[in-house]
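Adding 25 to a residue's 1-based position in the sequence shown gives its number in our numbering.
We put the CB at the ideal spot given by N, CA and C, even for glycine.
Written out below as structure tokens is the structure these notes cover.
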Amino acid sequence: MTTIDWSNIFFNQGAPLLILGFILWFMVKPLFEAHVKNINKNTEILEDLVASCKEMKTQYEILHKRFEVLEDKLNSK
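Quick look at the structure:
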């Protein structure tokens with residue numbers, strides 16, 4: 026193949042693909058970054074929710090034990 030053939034192949038196929046690649050990169054990259062940011066925010070919210078649920082579980086267990094103690098005192102009288 027001659028130099029002219031390679032340049033024709035590049036300008037007919039390579040250049041449009043490069044242009045399309047740059048366009049997609051600058052259009053899709055911000056969308057991808059926003060999606061990742063949203064996932065990170067949701068992960069933080071879920072971590073807070075799980076921590077809150079664990080705290081509520083321990084409080085429930087403490088209250089349940091107190092209730093059992095009170096119930097035992099009432100039943101013993």
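Counting along the chain, the unbroken alpha helix (DSSP H) around G46 starts and ends at A40 to S101.
Taking C-beta separations shorter than 7 Å and ignoring five residues to either side along the sequence, E69 has no partners in its chain.
Within the model, the alpha-carbon separation for W50 versus D30 is close to 29 Å.
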